[in-house]
Amino acid sequence: MWSQTKKKLENFTCDSLKDRVKFFSSNYRMHDGIGRTYIAVDGVEVYNMCTLKRDYYRHPKPGCYSQVEFMEAVDVYLNESIENLLKSTKEKTESILFSWNDIQETRSHESQLYVFVNDEEKNIKSDMTNAFIQYGINPVLWSNRENVLEKLIA
3 MWSQTKKKLE NFTCDSLKDR VKFFSSNYRM HDGIGRTYIA VDGVEVYNMC TLKRDYYRHP
63 KPGCYSQVEF MEAVDVYLNE SIENLLKSTK EKTESILFSW NDIQETRSHE SQLYVFVNDE
123 EKNIKSDMTN AFIQYGINPV LWSNRENVLE KLIA
């Protein structure tokens, strides 16, 4: 099962990252499901989803996933339509914000996160864009997307 999932994830990885990003998963004891899944970039582990302790389930932390939750999310991602995946939800937004904040100390100082905000037929609230800015995220209105293309390509 994992080998098929891994192959699908690798097929979805863009060409420039195919040789750099690797997905790993191990189950240490099959009867109780203890194990871990992790993602490595250039041979360095960047995201670890081990089987978490019970305290995690009492006080879940946004952006932090157990091995089981990661596998469930991958299953949804691989079997969902692109239209549904692109729909914004409060949970998706919170997960992005918390994940970006969690890796603040380990990511390169030059790293930047851009969030495209659909402003067609909508009035965008300033508190939303201010929240992105407070987290060090660059909000870009969809109507202004052409202005950041050079930064994204670099």
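Read in the numbering used here, the sequence shown has 73 at position 71, and its numbers run on one by one without any break. Note that beta-carbon positions come from the ideal geometry of N, C-alpha and C, so glycine has one too.
Nonlocal neighbours in the same chain, by C-beta distance under 6 Å from residue i, ignoring five residues either side
| i | result |
| --- | --- |
| V23 | T15, V43 |
| E12 | none |
Of the listed residues the options, nearest to residue i (C-alpha basis)
| i | options | result |
| --- | --- | --- |
| E122 | W144, S128, T7, T91 | W144 |
| V76 | N125, R147, I41, D17 | I41 |
| G37 | L19, E71, P141, T91 | E71 |
| E47 | I105, E93, K153 | I105 |
| M73 | E152, T7, E148, N146 | T7 |
7 Å Cβ shell around residue i - same chain, five flanking residues per side excluded
| i | result |
| --- | --- |
| K89 | none |
| R56 | Confidence is the limiting factor: at R56 the pLDDT is only 49, short of 50, which leaves the residue's position unreliable, though a coordinate-based value still follows. Nothing meets the Cβ criterion. |
Short Cβ contact (8 Å threshold) for residue i with residue j
| i | j | result |
| --- | --- | --- |
| Q69 | T39 | yes |
| Y67 | M51 | yes |
| W4 | S18 | no |
| V150 | V119 | no |
| W102 | I139 | yes |
| L99 | K10 | no |
Close-in-space but distant-in-sequence residues of the same chain around residue i (CB under 8 Å, 5 per side omitted)
| i | result |
| --- | --- |
| D129 | none |
| R147 | F118 |
| I126 | V119, L143 |
Within 8 Å, do at least three Cβ pairs link the stretch 106-120 to the stretch 132-145?
Judged by Cβ distances under 8 Å, the stretch 132-145 makes contact with the stretch 106-120, as three or more pairs qualify.
Scan the stretch 69-152 and note each continuous beta strand (DSSP E) run of 3 residues or more that stays entirely inside, going in chain order.
115-119, 139-143, all fully within the stretch 69-152.
Which runs of the beta strand (DSSP E) fall wholly inside the stretch 11-44 and span at least 3 residues, in chain order?
Complete beta strand (DSSP E) runs here, min 3: 23-31, 36-43.
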